[in-house]
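Read the structure below first, then the notes.
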Amino acid sequence: MKAGERGMVQPAPMTVAATDRPVPRDARVRAQRCFDHSPFPIPHSRTPGFSLIELLVALAVFAALAAAAYGGLGAIARTRGVLAVQQDRFAAIARTVASLERDLRQAVARPVIGNEGAMQPALVGSAGAIELSRLGYANPLAESRSNVERVVYTDERGTVRRGRYLVLDRAPNSLPLQRDLLARAGELRFRYYGCDGAWRDAWPPREPLACQADAQAQGQLPRAVEFRFAPEGLGEIRRIVELPSPWPARAVAAPGDGDAPPPGRGGREQAASRGGA
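In full-length UniProt numbering, the protein residues as written are 1 to 277.
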């Protein structure tokens with residue numbers, strides 16, 4: 001050793017650090033406990049999250065809930081469709097009944113000229129069809145036509161049809177404008193109640209009734225008409241409609257009956273003047 005180097009401290013030789021040795025398990029546990037109870041946040045080496053099994057379970061639960069919700073929505077849609085069909089069906093039945101009742105209640109004793117050029121009674125009916133004259137033909141444009149309309153109801157293979165003629169006294173081979181009221185209505189049947197208290201399957205009767213001797217010119221309207229039909233799946237619907245009382249002959253005079261004065265003051269004055277003459 002040289003003279004100038006006597007007071008200098010020589011560095012220790014390089015040795016293997018103690019941390020390079022394997023750390024015992026107990027030591028790691030104690031260190032982890034110290035870190036867990038430390039007041040300072042210490043980042044963990046493992047990021048928290050869901051495991052693969054947890055994700056699969058969550059997806060399975062979500063798929064089950066989605067399937068149940070889709071099935072419920074499908075059932076609601078099917079139920080709504082069935083209810084809509086039934087509602088339309090009931091509405092069509094109600095319209096058919098209302099149309100028949102309205103036309104029968106507005107029946108008027110107005111004979112017409114048929115397709116063959118012969119006079120027809122105000123109401124002509126059989127067991128499966130009916131044709132009649134009715135009031136209530138709206139005329140909002142004040143056209144030069146009558147407010148009486150000729151309508152006909154028929155049963156065409158289980159479908160109730162309503163037809164109307166454009167004019168009362170029609171030309172040969174005239175056809176009514178028809179529209180379907182109700183499909184799958186079963187068999188439409190009519191009956192007619194006369195003034196003698198008997199029901200008939202056709203009108204007018206073959207033999208004139210004694211109680212209707214004064215009503216020949218008024219078309220022999222029955223006192224009531226019964227109609228019935230049995231819609232599919234709903235049972236039989238039956239209605240009896242009372243027809244209105246006979247109208248004065250002057251108000252519903254048929255073509256060719258002459259120029260009878262209308263009822264009112266003018267008619268009475270003309271009758272009085274003729275009597276005075």
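The beta-carbon is built from N, C-alpha and C at its ideal position, and this holds for glycine as well.
If you're wondering where the values come from, they're calculated on a predicted model, not measured in any experiment.
Checking 8 Å against the spacing of the C-beta atoms, do residue i and residue j come in under that value?
i           : j    : result
V112        : L168 : yes
A224        : I240 : yes
R179        : G158 : no
W163        : P176 : Looking at the sequence itself, residue 163 is Gly, so the reference to Trp does not match. Their beta carbons are under 8 Å apart, which means G163 touches P176 by this criterion.
residue 286 : V97  : There is no way to answer for residue 286, as the model of the chain reaches only from 1 to 277.
P204        : P121 : yes
F227        : L83  : no
C211        : D201 : no
N115        : R170 : yes
I need the DSSP call for residue i, collapsed to helix, strand or coil.
i           : result
F62         : helix
residue 278 : No answer is possible for residue 278: the residues shown for the chain start at 1 and end at 277.
R89         : helix
D155        : strand
G74         : helix
G197        : coil
R145        : coil
V105        : The displayed chain sequence assigns Arg, not Val, to residue 105. If DSSP states are grouped into helix, strand and coil, R105 belongs with the helices.
R150        : strand
R170        : coil
R95         : helix
R191        : strand
Q220        : coil
Assuming residue i and residue j are in contact, meaning their beta carbons sit under 8 Å apart, how far apart are those beta carbons, in whole angstroms?
i    : j    : result
R92  : L181 : With the sequence shown as reference, residue 92 is identified as Ala, and Arg is not the correct amino acid for it. With 8 Å as the limit, A92 and L181 qualify as a contact, their Cβ atoms being about 7 Å apart.
G186 : E232 : 7 Å
L221 : L243 : 5 Å
Strictly under 8 Å for the Cβ-Cβ distance: is residue i near chain C by that measure?
i   : result
A84 : Absent from the structure: chain C. Only one protein chain is present.
Could you tell me which residues DSSP puts in a beta bridge with residue i?
i    : result
Q178 : G163
I240 : E226
I113 : M119
R134 : A107, E149
V57  : According to DSSP, which records beta bridges pairwise, V57 is partnered with nothing at all.
V82  : Note: V82 sits in no beta bridge, so no partner.
Exercise. Okay, do the segment 188-199 and the segment 117-130 touch, 3+ Cβ pairs below 8 Å being the bar?
Worked result: yes
Exercise. Taking three-plus beta-carbon pairs below 8 Å as touching, is the segment 107-121 in contact with the segment 132-143?
Worked result: yes
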